[in-house]
Amino acid sequence: MFNPANLCYSMYETILKREILRGHLVQHVAIIQDGNRRFARRMGIPSNLGHSMGAKTTDSVSDWCLELGIKHLTLYAFSIENFQRSVEEKEYLFDLIKEKLLEIMRSEKTRRNRMRVRAIGRVDLLPQDLREVIAEVEEATKEYDNVYLNLAVAYSGQCEIVDAAKALACLMEEGKLKADDVNEEMIARYLYPHHDTSVPKVDLIIRTGGEIRTSNFLPWQANGNECAAYFCAPYWPEFRKIDFLRAIRIAQARKHPENQQA
């Protein structure tokens, strides 16, 4: 049955996308995928199903980033604090992350778009089987450099800065680094992932689920860069393309006011 509301949304999406593509490109979007469990409770379904439905939204967002030429997408998949959740929920989440990583590694879309996948966080805290899958996917995509998918797992922004400080302190103890050599650029090089080029400055942080906070997510990369923040009410499984496009337009307007539309 014809639904006028769907037609209006479709037309609005088209207009937003056209405006965005005419403006300056947003290079790095970071997302706090919040609300899977609350969505499940509202719908009266198991929380694990809420996580699975959220994973489908993640797939869609990855496609939207490709459409808009966004080079870096960083997803907050599992925080250090999430280790406090029940054993059952953690096992389900770890299995879901493994499943999605293997899908990405085997996908023709990954090869066609030359998408590199990297995990950031204290990966050594994760179960062995998940660490092995992460290593496998990173190895399979290490030569790609067109777009980047950064997966924050066992992640904490404070831990990231502490780990960078420890790495620099070790270099000083070994006589390979002097205190005067330490500057913003040097610190950035030792942020996650340690063995590779660090995650770049963030242009936009999106958080779903109605919470207005960034929860210790990429504090170094998001500060000092005129990073925009977009907080919205929809839970992650119901996050729509129109919500994503609105967020991108806000980021463009913040960094380049001339892009702002009436």
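Take -9 as the starting number for the sequence shown in the working numbering and just add one per residue. Here a beta-carbon is modelled for each residue, glycine too, at the ideal position from N, C-alpha and C. These figures come from a predicted structure and were not determined experimentally.
In this chain, the beta strand (DSSP E) harbouring F221 covers A218 to F221.
Per DSSP, reduced to three states, the secondary structure at I151 is helical. DSSP places R230 outside both helix and strand once states are collapsed to three, so it counts as coil.
For R104, no beta strand (DSSP E) run applies, since DSSP gives it neither H nor E. No Cβ-Cβ contact shorter than 8 Å links P227 with N72. Distance from the Cα of R244 is smallest, within the candidate group V51, I195 and E163, for I195. Closest by C-alpha distance to Y82, out of Y220, H41 and K156, is H41. In the displayed model, I35 falls within coil according to three-state DSSP, outside both helix and strand. Secondary structure note for R96: it is in no beta strand (DSSP E), and the uninterrupted alpha helix (DSSP H) holding it is V77 to R96. DSSP places I21 in the strand class (E or B) of the three-state scheme. Put simply, the stretch 136 to 147 touches the stretch 44 to 62. At least three CB pairs are less than 8 Å apart. With fewer than 16 other Cβ atoms from the protein chains shown falling within 10 Å of its own Cβ, I202 counts as exposed. Inside the stretch 109 to 159, DSSP marks whole alpha helix (DSSP H) runs of 4 or more residues at positions 118 to 131, from first to last along the chain. Judged by their CB atoms, K88 and D119 are nearer to each other than the 8 Å cut-off.
Counting along the chain, A67 sits inside the beta strand (DSSP E) bounded by residues H62 to S69. Assignment of I202 by DSSP, reduced to helix, strand and coil, places it in the coil class. Per DSSP, the continuous beta strand (DSSP E) segment holding L194 begins and ends at L194 to R197. Straight-line spacing of the CA atoms in P36 and Y225 works out to 15 Å.
In this structure, the straight-line span from the alpha carbon of A159 to that of P183 is close to 17 Å. Excluding five sequence positions before and after K132, the CB atoms of its chain that fall closer than 8 Å to its own CB belong to R106, given in chain order. Cβ neighbours of A241 within its own chain (closer than 7 Å, five residues either side excluded): V16, D193, L194 and A218.
Around the beta carbon of E216, a 10 Å sphere encloses fewer than 16 other beta carbons of the protein chains shown; the residue is thus reported as exposed. A169: not part of any alpha helix (DSSP H); DSSP gives it neither H nor E.
Remark: three or more beta-carbon pairs, one from each stretch, lie closer than 8 Å, so the stretch 138 to 157 and the stretch 58 to 72 are flagged as touching.
Between the beta-carbon of T198 and that of F229 there is about 5 Å, and that keeps the pair under the 8 Å contact cut.
Proximity to G147 across F68, V123 and G34 peaks at F68, based on C-alpha coordinates. Rounded to the nearest angstrom, the Cβ distance from A155 to L116 is 22 Å, too far for a contact under 8 Å.
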